[in-house]
Amino acid sequence: MALKHEFAWSASRHRGFEKCRRAHYYAYYLSWNGWLRDAPPQRVEARTQHKLTSLSAVAGSAIHRVLAQTMSEPPDRRMKEAEAIDRATRELRQAFGESRDGLWKRNLSKFTYLAEHFYEEASVATREATAEYGGRFVERIRTSLHNFFEMAELAVVRDASDEQLIFVEDPSPSGGFDHFDYKGTKIFASPDLVVRDSEGVARIYDWKTGSASRDDQFQLLTYAIQAREQWGFEPGSVRVFDVYLSEGRVEEWDVNEDAVAEAEGTIAASVAAMRELHFAADTDLGDPERFPRIPLDDPRAGACRSCRFRRLCGREG
Ligand code: SF4
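Residue numbers (this note's numbering): 3 to 319.
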């Protein structure tokens with residue numbers, strides 16, 4: 003049965019939509035059905051570039067997956083630090099090899115295709131450059147997982163019993179986003195871990211493997227809304243934490259009625275703006291001009307240099 007194109011919202015879609023409307027069009031409209039044998043070339047190209055990832059993102063996913071695998075086990079069978087680092091590092095190396103050897107040509111959904119290879123970046127141009135570049139992410143994996151196993155603030159996570167775990171991210175390679183219905187809109191949201199503490203409070207954790215961003219608090223507030231809608235926790239019974247694993251730092255954000263109401267207002271405005279541009283991509287390529295590029299003279303156009311769609315968009319080089 004053919005997949006049906008439908009409207010959905012997530013905090014990361016919102017972030018991308020705010021950053022560049024054209025990238026939103028390529029990712030959620032032009033790439034649709036790009037997997038079909040008889041798909042028009044522009045759909046295939048958009049899908050290929052939408053599927054590109056980066057070694058930094060692969061390292062982040064590997065850390066997330068290992069932590070999800072760890073937390074999916076009963077406390078006495080959870081991984082130790084060395085095993086976690088070994089698994090995540092092997093995943094990074096495997097993904098790099100898949101991309102370098104072109105396995106993605108067989109199945110773009112199953113195998114990794116790095117933007118570094120697609121765009122023939124200097125970071126992977128020679129053996130020496132690749133070793134130096136890859137070494138950075140091996141180090142990030144080591145530091146992040148070491149911090150997870152050492153940070154005193156995370157003892158409540160590491161020692162959580164099965165009964166205390168409300169939600170653990172799906173650790174399978176195909177693990178998708180959880181979703182819930184919010185005022186008639188499908189919302190994709192998937193915190194990394196939700197633990198009920200001894201006071202009955204839902205503690206929501208988001209593992210961060212890169213640097214902090216001003217959007218981090220908003221993302222956690224969407225999880226607080228999810229906790230209320232999906233698991234019945236009112237804002238007063240929720241605490242939210244960003245864990246910057248590579249820095250070994252935890253940031254707790256305030257969850258109160260006002261903060262949640264403000265986040266709900268942002269979601270409502272974002273959903274309305276996206277719906278205004280929405281069309282059924284199953285049957286229509288739409289009008290890309292309704293989704294403008296970032297103007298070249300806008301300081302935000304610096305984002306084009308690392309955008310995965312820069313070839314399709316004519317902003318390569
Ligand atoms: S290259 Fe720039 S303008 Fe084009 S989609 Fe990417 S961010 Fe937007």
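Here a beta-carbon is modelled for each residue, glycine too, at the ideal position from N, C-alpha and C.
Counting C-beta pairs closer than 8 Å gives fewer than three between the stretch 156 to 167 and the stretch 105 to 115, which falls short of the contact rule. DSSP assignment within the stretch 152 to 205 yields the following whole alpha helix (DSSP H) runs of 4 residues or more, N-terminal first: 157 to 160.
Uninterrupted alpha helix (DSSP H) stretches at least 4 residues long and entirely within the stretch 206 to 291 occur at 218 to 233, 259 to 279, given in chain order.
Taking every protein chain shown into account, the CB of aspartate 40 has fewer than 16 other CB atoms within 10 angstroms, so this residue is exposed. Within the DSSP bridge table, the entry for threonine 55 names Leu116 as partners. Annotation: the continuous alpha helix (DSSP H) that includes serine 14 extends over 13 to 21. When secondary structure is reduced to three states using DSSP, alanine 10 falls in the strand class. In this structure arginine 295 touches arginine 24 by the C-beta definition: roughly 4 Å separates them, less than 8 Å.
In chain order, Val196, Val197, Arg198, Ala204, Trp233 place their CB closer than 7 Å to the CB of isoleucine 168, counting only its own chain and leaving out the 5 sequence neighbours on each side. In this structure, DSSP gives isoleucine 87 a helical state, which the three-state scheme calls helix. In this structure, leucine 147 and alanine 214 do not form a Cβ contact; the two beta carbons are roughly 19 Å apart against a cut-off of 8 Å. The alpha carbon of tyrosine 121 has as its nearest neighbour, out of Phe151, Tyr184, Ser56, the alpha carbon of Ser56. Contact holds between the stretch 136 to 146 and the stretch 240 to 260, because three or more Cβ pairs, one in each stretch, are under 8 Å apart. Using a Cβ-Cβ distance cut-off of 8 Å, the stretch 43 to 54 and the stretch 66 to 80 are not in contact, since fewer than three pairs of beta carbons, one from each stretch, lie closer than that value.
A residue is called buried once 16 or more other Cβ atoms fall within 10 Å of its Cβ, and leucine 314 is buried on that count.
Taking aspartate 284 as the centre and dropping the five residues before and after it, the same chain places the C-beta of Ala4, Lys6, His7, Trp34, Asn35 closer than 8 Å to its C-beta, in chain order.
In chain order, Ala204, Phe235, Val240 place their CB closer than 6 Å to the CB of alanine 229, counting only its own chain and leaving out the 5 sequence neighbours on each side.
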